[in-house]
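Residue 3 in the UniProt record's numbering sits at position 3 of the sequence shown, and the numbers go up by one each step. What follows is a short report on a single structure.
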Amino acid sequence: MKIAVPNKGRLQRPVLDLLYAVGIRPLASDDRALILPTSWDGVQLVMVRTEDIPNIVEAGAAELGMTGLDYVVESGAEVEELVRLDFGRAKLVLALPISWNIEDPTKIDREIRIATKYVNIATDYLKRKGIKAKLVKISGAAEVMPSLNAADGIIDVTNTGTTLRLHGLNPVDDVMETYAVVIGNKNWMKSDEADKVNMVLTMIKGTITARGKKLILMNVPNDDLDKVLASLPAMLAPAITRLSRGDVWEVITVVDERDLPEVVATLRGKGAKDILIVDIEKVIR
Ligand SMILES: Nc1ncnc2c1ncn2[C@@H]1O[C@H](COP(=O)(O)OP(=O)(O)OP(=O)(O)O)[C@@H](O)[C@H]1O
Ligand SMILES: O=P(O)(O)OC[C@H]1O[C@H](OP(=O)(O)OP(=O)(O)O)[C@H](O)[C@@H]1O
Ligand SMILES: [Mg+2]
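What follows is the structure, given as structure tokens:
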């Protein structure tokens, strides 16, 4: 089976890191090769442009693809969105010159020129909002277009807002949210490779779920057990086992990494000892 992944751009590193964590590692081959064998028997990576991935997956040239939701929507490709990933998060916005002082773009009563590489998303948005506009199709560096007077405003991706501010632009309306996704060909379940595709998806989901979680194990004297269990985050059902010696229990549970300092301080206060904190590689549900 084939997985289409970005051959450059900002999603390439996090995509390859995720596959690496899953256990799918590209095997050394010619630097220029665009189809790479991997450490998983029968799984190949197809290295292509991020924005081409939806069409490649729709055509069935790869069963799975990893790309941005913005490119999936823009392409109109009929593919399945299978897993939402935890990177590539940004927003598409309509941005206009700060000097225009616009709060509500629907109140503009003349035609404006909007530079964007997202022509389809922009056309839909502008129609939905009743904003009269002429699109200027560009393929990058949208933010510079208004200062060049190639357009009045832009529809483009923003994250921190730094690039917009630097070019005297103000985000006036949200168009859509975007993030990286795993997409699948509509017929992947019927393909000969369905079992393999399913296993790749299970491992990707398992890896994403495990990120930011830690396993914690601790010893708790019998007298403190109720206090310790009561102090663990409410959603958790910890496992407990009696140690072979002494009146002591081992308590095992999973905690979000961001809650860890608080949880550990509380647990120690309640009598937990020998606390072990362990990385979780995958959570398979
Ligand atoms: N500033 C950002 N922060 C986080 N994600 C972003 C940001 N800008 C774009 N993205 C997301 O990352 C993806 C961009 O992929 P792309 O390959 O186009 O990256 P790139 O670094 O812009 O490469 P290129 O040089 O080809 O433009 C899109 O899905 C987009 O939504
Ligand atoms: O809000 P910010 O944090 O400033 O990020 C936004 C910038 O990030 C993206 O550009 P990218 O770096 O991908 O370069 P590109 O214009 O070549 O796509 C996007 O197109 C913006 O220019
Ligand atoms: Mg970009």
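Glycine included, C-beta positions come from ideal geometry on N, C-alpha and C.
- The distance from the Cβ of E143 to that of L164 is about 6 Å, consistent with a contact at the 8 Å cut-off.
- Pairing L260 with L217 gives a Cβ-Cβ distance that is not under 8 Å.
- Contact check for V175 and I121: beta-carbon distance about 6 Å, within the 8 Å limit, so the pair qualifies.
- A distance below 7 Å between beta-carbons, with the five flanking residues on each side excluded, links I131 to the following residues of its chain, in chain order: P105, T106 and I108.
- Contact check for I3 and M66: beta-carbon distance about 7 Å, within the 8 Å limit, so the pair qualifies.
- Using a Cβ distance threshold of 8 Å, I204 and V79 do not count as a contacting pair.
- For Y118, the Cβ stays outside the 7 Å cut-off from all heavy atoms of ligand 1.
- In terms of Cβ geometry, L92 and I155 form a close pair [threshold 8 Å].
- Restricted to the UniProt domain "ATP phosphoribosyltransferase catalytic" (49 to 205), the beta strand (DSSP E) segments that are unbroken, complete and at least 3 residues in length are 64 to 68, 79 to 84, 90 to 97, 112 to 116, 133 to 137, 153 to 158, 169 to 178 and 180 to 185, listed in chain order.
- Rounded to the nearest whole angstrom, the C-alpha separation of V228 and L267 is 6 Å.
- Look at T50: its beta carbon is less than 7 Å from one of the heavy atoms in ligand 1.
- In the DSSP assignment, E250 forms a beta bridge with N219 and T241.
- Boundaries of the alpha helix (DSSP H) around P261: L260 to G269.
- The alpha-carbon separation between T209 and I284 amounts to approximately 8 Å.
- Comparing alpha-carbon positions, the option among D247, V263 and S244 lying closest to T253 turns out to be V263.
- In this structure, DSSP gives K2 an extended state, which the three-state scheme calls strand.
- Pairing L148 with A115, the inter-Cα distance amounts to about 11 Å.
- For E81 against V181, the beta-carbon gap comes to about 5 Å, under 8 Å, which counts as contact.
- Under DSSP, D31 shares a beta bridge with no residue.
- Taking C-beta separations shorter than 7 Å and ignoring five residues to either side along the sequence, the partners of T38 in its chain run I24, R25, P26, L27, Q44 and L45, following chain order.
- Contact annotation: R49 and Y179 have beta-carbon atoms that are not nearer than 8 Å.
- With a beta-carbon spacing of about 7 Å, L96 and L169 fall inside the 8 Å limit used to define contacts.
- It is roughly 18 Å from the alpha-carbon of G206 to the alpha-carbon of A194.
- Look at I275 here: in three-state DSSP terms it is strand.
- With fewer than 16 other Cβ atoms from the protein chains shown falling within 10 Å of its own Cβ, E177 counts as exposed.
- Nearest to V57 by C-alpha distance, out of A272, V251, L215 and W188, is W188.
- Per DSSP, reduced to three states, the secondary structure at D41 is coil, with no helix or strand assignment.
- Residue side-chain check: V15 keeps its Cβ at 7 Å or more from all non-hydrogen atoms of ligand 2.
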